[in-house]
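Participant: Protein chains in written order, with my numbering: chain A, 29 to 442; chain B, 5 to 107; chain C, 699 to 818. By construction, the Cβ of each residue, glycine as well, lies at the ideal position given by its N, Cα and C atoms. Bear in mind that the values here come from a model prediction, so they are computed numbers and not experimental data. Quick one: this structure, given as structure tokens, is what I'll be asking you about.
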Amino acid sequence: MEHLGGRRSVKKIVQLALGIVTGIGGFLEIGSVTTAAQAGAAFGYQLVWAILLGLTCLGFMLEMSGRFSAVSKHTVIEGLRDRFGFGFFAIVLAGIALVVFLVLVAEIGGVALAIELGTGVGIPWWAIPVAFIVWLILWKGNINVIEDAPSILGLLAIFFAVGAQHLHPDWGAVASAAIPSLPENDKPHYWFLAVSILGASISPYLMYFYSAGAVEDKWDKTYLGINRIIAGVGTAFGGLLAVAVLICSAIVFHARDIPVEHFDQMARMMAVPFPEWGIVLFAFTLGITCLGAAMEIALAISYMFGQGLGWHASEEGNPAEEARFSTVYTVIIAIAAIPIILGVDPIKVTTISMALTAATLPLAIVPFLILMNDAGYVGEHTNGPFSNTVVVVIMIISFILAITAIPLQILGGG
Amino acid sequence: MRTIELRALLGKKVFDSEGQPLGHLEEIEAERGDEYCVVNSYLVEHRGLLDRISSWALTASMREKLERRASARPYRVAWNQMDLSDPDHPRTLVPKDALERAQ
Amino acid sequence: MRIVRDVLDKKLIDAAKSEIGRVDGVTLEFPDDGPPRMVSLEMGGEILAARVAHWLVRPTRWLADHFGPRRERVLRIEWKHVKEMGRDLHVDLLAGDTEALAWEHWLVEHFIGRIPGGGP
Chain A
29 MEHLGGRRSV
39 KKIVQLALGI
49 VTGIGGFLEI
59 GSVTTAAQAG
69 AAFGYQLVWA
79 ILLGLTCLGF
89 MLEMSGRFSA
99 VSKHTVIEGL
109 RDRFGFGFFA
119 IVLAGIALVV
129 FLVLVAEIGG
139 VALAIELGTG
149 VGIPWWAIPV
159 AFIVWLILWK
169 GNINVIEDAP
179 SILGLLAIFF
189 AVGAQHLHPD
199 WGAVASAAIP
209 SLPENDKPHY
219 WFLAVSILGA
229 SISPYLMYFY
239 SAGAVEDKWD
249 KTYLGINRII
259 AGVGTAFGGL
269 LAVAVLICSA
279 IVFHARDIPV
289 EHFDQMARMM
299 AVPFPEWGIV
309 LFAFTLGITC
319 LGAAMEIALA
329 ISYMFGQGLG
339 WHASEEGNPA
349 EEARFSTVYT
359 VIIAIAAIPI
369 ILGVDPIKVT
379 TISMALTAAT
389 LPLAIVPFLI
399 LMNDAGYVGE
409 HTNGPFSNTV
419 VVVIMIISFI
429 LAITAIPLQI
439 LGGG
Chain B
5 MRTIELRALL
15 GKKVFDSEGQ
25 PLGHLEEIEA
35 ERGDEYCVVN
45 SYLVEHRGLL
55 DRISSWALTA
65 SMREKLERRA
75 SARPYRVAWN
85 QMDLSDPDHP
95 RTLVPKDALE
105 RAQ
Chain C
699 MRIVRDVLDK
709 KLIDAAKSEI
719 GRVDGVTLEF
729 PDDGPPRMVS
739 LEMGGEILAA
749 RVAHWLVRPT
759 RWLADHFGPR
769 RERVLRIEWK
779 HVKEMGRDLH
789 VDLLAGDTEA
799 LAWEHWLVEH
809 FIGRIPGGGP
């Protein structure tokens, strides 16, 4: 019995480590990198608070989805259909799937961007190869490979933190930017960036993917502590890396009053602390994190359909055993490549999809919070008033900012 | 013997024998059996939009803790009190004062 | 028990513990005398379409008639097959014995199976 207990402990420690690593990689992808870089270039350190707010909300939400799955042994999506019936579920599915699909387009574009940075060959040429690689890994791999490999490689993102350190930021100024402040000018752009950062951080697909992973790994109540650590530490690390990107951008661009319009400019910001290999590292890290995100999103959408409609939905089996599930991700990856092939700018898609994510957050969060307060699903592990309050407040902030800032941005033409 | 699919009934507006609106058919109470489940009663809820939203938001346990207004509790219509000859327009065979209220 | 709360939208698990699908609807029988009874569970895209909006039923029917496997529009599982009720409903059938997996097989034959690595 002790031997068994020992092996289980080792397994848990490994899962903890991998979970944290995944959390880091999960946070950083084209959305968080672009929004942080744009924020730093335009407003210096001022928008640090938005990143911190976003990561706080995400951390709470991930912990909740892990807790939900560990206790109820079902995924969040299954809980949604179960509790609210198909009519409501269909609305949530349609709304979130559409927005998340746009994010998928952005991530595929992000990988293509990264390759373009390294090779000079235009983005549209890479859309099909990238989409194919994303699809192939899902086709051949299992959920562990998909979660772990890009995340471990994505740890390279730590070089953002090292780079920020090399640039000797005024840490006092960074710390004081944790408190929201008003910009001196260009207010619509400021708030729009704040919305985009929130939308980049608080991505519902992360919640569904995390929950599906917890069920596939057969989590139970003994994992509640690990869940808290993974959600908290992974998100914190990831968020702090986004802050590091913001700092680099602030020092390299804002201090010199250089606006960041294009992606290769963003890459060059890493050439300042790392003259020899900064651009390459930037490109590689971005490519890997976007690749991981693209796989997660494609799976998350497939899970939404599969779990909601009662299919056998798992990444463990081979594609023929889950034909409907495999068909969904195959089709959406293929369609997601099309805008990139047609030359749509991945940065533009990123910006739009991040803002839309923030605007549709209530659709994902409100029903989820209801589930988290339902003892019928989580037993004695329902949310306390603190968790509820934190998530609701941040959600309301995001939503209000989104519905005000997006029209302003469109009008202002930022 | 007729068959009706549940979706044809759910959510339909129910009126009593005097034409008074009772609410919407939201739930069916039944006795579980081996071959089939016997329907005992229908729950008809008279709820405004806010009530509908809050009933999504309030779980059974939270509802117990809050005092419910008597008028907000659903009507329990016994199976033999319900006229489903026209499934699109369910009617009770008795006036609403004769109907029981559920918890 | 309550049908909407305890039966509708619940996952159906077969005798081999794998997923058949979800309860999309329920059939009620009204005998000439005596109380109505719930006799079977229903599954089908058309039923789901009807639950979202009535105008979706026609296009869903058209799609089902022109694409995909030939099968009954509505799958019915008689209540007598339900053995256990909980968060999910457990039945004593095997998924393969019903038409629940018709789309699975059709997709393997016409799409997934034609991609390398997608064969059973």
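#1: Would you call the CB atoms of residue 188 of chain A and residue 81 of chain A closer than 7 Å?
#2: Return the CA-CA distance between residue 6 of chain B and residue 728 of chain C, expressed in angstroms with no decimal places.
#3: Among residues of its own chain, excluding the 5 on either side of residue 150 of chain A, which ones have a beta-carbon nearer than 7 Å to its beta-carbon?
#4: What does a CB cutoff of less than 8 Å around residue 394 of chain A pick up in its chain, not counting 5 residues either side in sequence?
#5: Just grab the DSSP bridge partners of residue 87 of chain B for me.
#6: Would you list, in chain order, the members of the stretch 162 to 174 of chain A that have their beta-carbon closer than 8 Å to a beta-carbon of chain C?
#7: Using a 10 Å radius around the Cβ and a threshold of 16 neighbouring Cβ atoms, would you call residue 95 of chain B buried or exposed?
#8: Leaving aside the five residues before and after residue 36 of chain B along the sequence, list all residues of the same chain whose C-beta is less than 7 Å from its C-beta, in chain order.
#9: Using a beta-carbon distance cut-off of less than 7 Å, what residues from the stretch 402 to 431 of chain A approach chain C?
#10: DSSP state of residue 699 of chain C, grouped into three classes?
#11: How long is the line joining the alpha carbons of residue 258 of chain A and residue 752 of chain C, rounded to whole angstroms?
#12: If you run the structure through DSSP and keep just helix, strand and coil, what is residue 82 of chain A?
#13: Does the beta carbon of residue 239 of chain A come closer than 7 Å to any beta carbon on chain C?
#14: Could you give the distance in angstroms between the alpha-carbon of residue 758 of chain C and the alpha-carbon of residue 771 of chain C?
#15: Could you spell out where the beta strand (DSSP E) holding residue 783 of chain C opens and where it closes?
#16: Comparing the C-beta of residue 29 of chain B with each C-beta of chain D, is any distance below 7 Å?
#17: Under 8 Å by Cβ, that's how I've got residue 216 of chain A and residue 74 of chain A pegged, so tell me the actual separation to the nearest angstrom.
#18: Compare the C-beta of residue 104 of chain B with all C-beta atoms of chain C and state if any pair is closer than 7 Å.
#19: Nearest to residue 108 of chain A by CA position, among A:398, A:427, A:416 and A:436, is which residue?
#20: Mind listing the chain A neighbours of residue 801 of chain C? Cutoff is C-beta to C-beta under 8 Å, in chain order.
#21: Which residue's Cα is closest to the Cα of residue 166 of chain A: A:110, A:239, A:227 and A:347?
#22: Can you tell me where the beta strand (DSSP E) holding residue 207 of chain A begins and where it ends?
#23: DSSP beta-bridge partners for residue 45 of chain B?
#24: Using DSSP with H/G/I as helix, E/B as strand and the rest coil, what is residue 23 of chain B?
#25: Report yes or no: is there a C-beta of chain A within less than 7 Å of the C-beta of residue 784 of chain C?
#26: Determine which residues of the stretch 714 to 741 of chain C have a Cβ less than 9 Å from any Cβ of chain A, and write them out in chain order.
#27: Checking 7 Å against the spacing of the C-beta atoms, do residue 432 of chain A and residue 62 of chain A come in under that value?
#28: CA-CA distance, residue 154 of chain A and residue 725 of chain C?
#29: Less than 6 Å between C-beta atoms, sequence neighbours within five positions excluded: which residues of the same chain meet that for residue 321 of chain A?
#30: What residues of chain A sit near residue 749 of chain C, judged by a beta carbon separation below 9 Å?
#31: I'd like to check one pair, residue 89 of chain A with residue 400 of chain A: are the Cβ atoms closer than 7 Å?
#32: Between residue 340 of chain A and residue 331 of chain A, what straight-line distance do the alpha-carbon atoms span, to the nearest angstrom?
#33: Tell me which residue opens and which closes the beta strand (DSSP E) that residue 352 of chain A is part of.
#34: From the DSSP secondary-structure annotation, give me the bridge partner or partners of residue 709 of chain C.
#35: With a threshold of 7 Å between beta-carbons, can residue 778 of chain C be considered close to chain B, or not?
#36: State the Cα-Cα distance for the pair residue 435 of chain A and residue 384 of chain A, rounded to the nearest angstrom.
Facilitator: Put simply:
#1: Locating residue 188 of chain A in the first sequence gives position 160, counting from the first residue. Locating residue 81 of chain A in the first sequence gives position 53, counting from the first residue. Their beta carbons are not under 7 Å apart, which means residue 188 of chain A does not touch residue 81 of chain A by this criterion.
#2: As a first step, residue 6 of chain B is located in the second sequence; it is residue number 2 there, counting from the start. As a first step, residue 728 of chain C is located in the third sequence; it is residue number 30 there, counting from the start. Rounded to whole angstroms, residue 6 of chain B to residue 728 of chain C spans 5 Å at the Cα level.
#3: Locating residue 150 of chain A in the first sequence gives position 122, where the first residue counts as 1. If we look at residue 150 of chain A and ignore the five residues flanking it on each side, its Cβ neighbours are 144.
#4: Here residue 394 of chain A refers to the residue found at position 366 of the first sequence. Here the set comprises 423.
#5: Translated into the one-based positions of the second sequence, residue 87 of chain B becomes position 83. Bridge partners of residue 87 of chain B: B:95.
#6: 167 and 168
#7: As a working note, residue 95 of chain B is residue 91 in the second sequence. Buried.
#8: Numbered from 1 along the second sequence, position 32 holds the residue referred to as residue 36 of chain B. Here the set comprises nothing.
#9: none
#10: Taking the third sequence and counting its residues from 1, one reaches residue 699 of chain C at position 1. It is coil, neither helix nor strand.
#11: Counted from its first residue, the first sequence places residue 258 of chain A at position 230. Counted from its first residue, the third sequence places residue 752 of chain C at position 54. Approximately 45 Å between the Cα atoms of the pair.
#12: Here residue 82 of chain A is taken as the residue at index 54 of the first sequence, counted from 1. Residue state, collapsed to three classes: helix.
#13: Here residue 239 of chain A corresponds to residue number 211 of the first sequence, with the count starting at 1. So, not an interface residue.
#14: In the third sequence, counting from the first residue as 1, residue 758 of chain C sits at position 60. In the third sequence, counting from the first residue as 1, residue 771 of chain C sits at position 73. Rounded to the nearest angstrom, the two C-alpha atoms are 10 Å apart.
#15: By one-based count along the third sequence, residue 783 of chain C stands at place 85. Run containing residue 783 of chain C: 780 to 783, per the beta strand (DSSP E) assignment.
#16: The structure shown contains no chain D; its protein chains are A, B and C.
#17: On the first sequence, residue 216 of chain A is found 188 positions in, with the first residue counted as 1. On the first sequence, residue 74 of chain A is found 46 positions in, with the first residue counted as 1. Not a contact, Cβ separation roughly 15 Å.
#18: Mapped onto the second sequence, residue 104 of chain B falls at position 100. False, the Cβ-Cβ gap to chain C never drops below 7 Å.
#19: Here residue 108 of chain A is taken as the residue at index 80 of the first sequence, counted from 1. Checking every option, the nearest Cα to that of residue 108 of chain A belongs to A:398.
#20: As a working note, residue 801 of chain C is residue 103 in the third sequence. Residues of chain A passing the Cβ test: 351 and 352.
#21: Mapped onto the first sequence, residue 166 of chain A falls at position 138. Of the candidates A:110, A:239, A:227 and A:347, the one whose C-alpha sits nearest the C-alpha of residue 166 of chain A is A:347.
#22: Numbered from its first residue, the first sequence carries residue 207 of chain A at position 179. From DSSP, residue 207 of chain A is part of no beta strand (DSSP E); its letter is neither H nor E.
#23: Counting from one through the second sequence, the residue named residue 45 of chain B turns up at place 41. Answer is B:33 and B:82, bridged to residue 45 of chain B.
#24: Counting from one through the second sequence, the residue named residue 23 of chain B turns up at place 19. Note: residue 23 of chain B maps to coil in three-state DSSP.
#25: Taking the third sequence and counting its residues from 1, the one referred to as residue 784 of chain C is at position 86. Judged by the 7 Å Cβ criterion, residue 784 of chain C is not in contact with chain A.
#26: 716, 717, 718, 719, 720, 721, 722 and 741
#27: Start at 1 with the first residue of the first sequence, and residue 432 of chain A comes out as number 404. Start at 1 with the first residue of the first sequence, and residue 62 of chain A comes out as number 34. Contact flag unset, no.
#28: Translated into positions along the first sequence, residue 154 of chain A becomes position 126. Translated into positions along the third sequence, residue 725 of chain C becomes position 27. Computed Cα separation, rounded: 52 Å.
#29: Taking the first residue of the first sequence as 1, we reach residue 321 of chain A at position 293. Around residue 321 of chain A: 57 and 135.
#30: Locating residue 749 of chain C in the third sequence gives position 51, counting from the first residue. The contacting residues are 113, 114, 115 and 118.
#31: Stepping through the first sequence from its first residue, residue 400 of chain A is reached at position 372. Stepping through the first sequence from its first residue, residue 89 of chain A is reached at position 61. Not closer than 7 Å, so no.
#32: By one-based count along the first sequence, residue 340 of chain A stands at place 312. By one-based count along the first sequence, residue 331 of chain A stands at place 303. Answer to the nearest angstrom: the Cα atoms are 10 Å apart.
#33: The residue given as residue 352 of chain A occupies position 324 in the first sequence. No beta strand (DSSP E) holds residue 352 of chain A; the alpha helix (DSSP H) holding it covers 351 to 369.
#34: Against the third sequence, residue 709 of chain C aligns to sequence position 11. Paired residue(s): C:720.
#35: Taking the first residue of the third sequence as position 1, residue 778 of chain C is located at position 80. Yes, because at least one Cβ of chain B sits closer than 7 Å to the Cβ of residue 778 of chain C.
#36: By 1-based counting over the first sequence, the position of residue 435 of chain A is 407. By 1-based counting over the first sequence, the position of residue 384 of chain A is 356. Taking the straight line joining both Cα atoms gives about 12 Å.
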